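Comments concern the structure below.
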Amino acid sequence: MPDKYITLTPELYGYVVEHGARQDDALRRLADETQRLGDISIMQIAPEQGAFVTLLMRAIGARRALELGTFTGYSAICIARGLADGGKLVTCDISGDWTEIARRYFDAAGVADRIDLRLGPALDTLRELPADEPFDFAFIDADKTEYPDYYEECLRLLRPGGLIMLDNVLRDGRVLDAGDGDERTAATREVNDRAIA
């Protein structure tokens, strides 16, 4: 069987975004403001990832979602928009500066009432959440060295059949390099191995 993959050229990427990931005004303004933060803006998910997570929330009928790593709020908005009526997203981050941007855009996007933003270390937040109020979905996009612990805590908090999505699981291909001693890559490899066990 031949390999089935397509090289994502800039032109093809533009087509994908235009046809499947159009940003409304609030998301566009948020993406622009985040871009002005400089190199750190790489932490924002891409528009097509945002469109995918909104679709995913709708497909699984998610009412309760959890996000580790709010940053400036792009992914939180996309998750919140996909939640069922009355749904709630608990999102956490350690940066008051980034989450102030997020709060403004939660209001602008019309989803502030669906989002419970918590400031503090993600593991502390996870350990404070009761297991008897399970989540349908968890998105892990925070400190990569903590991914294995985040994963285990999210499993504890997820309903049976719930879904965990992790960002950056390929580490730009570094997961394939056994000689890569970066602790973020090692932690990512560990959680990838746990997920398929």
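To convert a position in the sequence shown, counted from 1, into our numbering, add 22.
Yeah, the Cβ is synthetic: ideal placement off N, Cα and C, and Gly gets one too.
Here the structure is a predicted model, which is why all the values come from computation and not from measurement.
| query | result |
| --- | --- |
| Based on Cα-Cα distance, which residue from E174, R178, P182 and H41 lies nearest to E212? | E174 |
| Beta carbon of G109, beta carbon of R125: below 8 Å? | no |
| Please check if any C-beta of chain B sits within less than 8 Å of the C-beta of I162. | In the displayed structure, chain B is absent; only one protein chain is listed. |
| A160: which of E33, M187, R206 and A209 sits nearest, CA to CA? | M187 |
| Would the stretch 131-143 count as touching the stretch 98-117 if we require 3 or more Cβ pairs under 8 Å? | yes |
| Which runs of the beta strand (DSSP E) at least 3 residues long sit entirely within the stretch 47-133? Give them in chain order. | 86-90 and 110-115 |
| Which whole-angstrom value describes the C-beta separation of L90 and A53, a residue pair presumed to lie in contact below a C-beta threshold of 8 Å? | Actually they do not touch by this definition, with Cβ atoms about 21 Å apart. |
| Can you list, in chain order, the residues of its chain whose CB lies under 6 Å from that of A134, leaving out five sequence neighbours each side? | F128 |
| Rounded to the nearest angstrom, what separates R58 and R216 at their Cα positions? | 37 Å |
| Locate the beta strand (DSSP E) running through P182, then write down its first and last residues. | L180 to L188 |
| Check the DSSP bridge columns for L141 and list the partner residues they point to. | D115 |
| Does the structure place the stretch 61-78 close enough to the stretch 97-109 that three or more beta carbon pairs sit under 8 Å? | yes |
| Is any heavy atom in the ligand NAD found nearer than 7 Å to the beta carbon of A43? | The ligand NAD is absent from the structure shown, which contains no ligand whatsoever. |
| Rounding to the nearest angstrom, what Cα-Cα distance links T121 and L198 in this structure? | 34 Å |
| Do you know offhand how far I123's Cα is from G95's? | 7 Å |
| Would you check if the distance between the CB atom of L151 and the CB atom of L179 is smaller than 8 Å? | yes |
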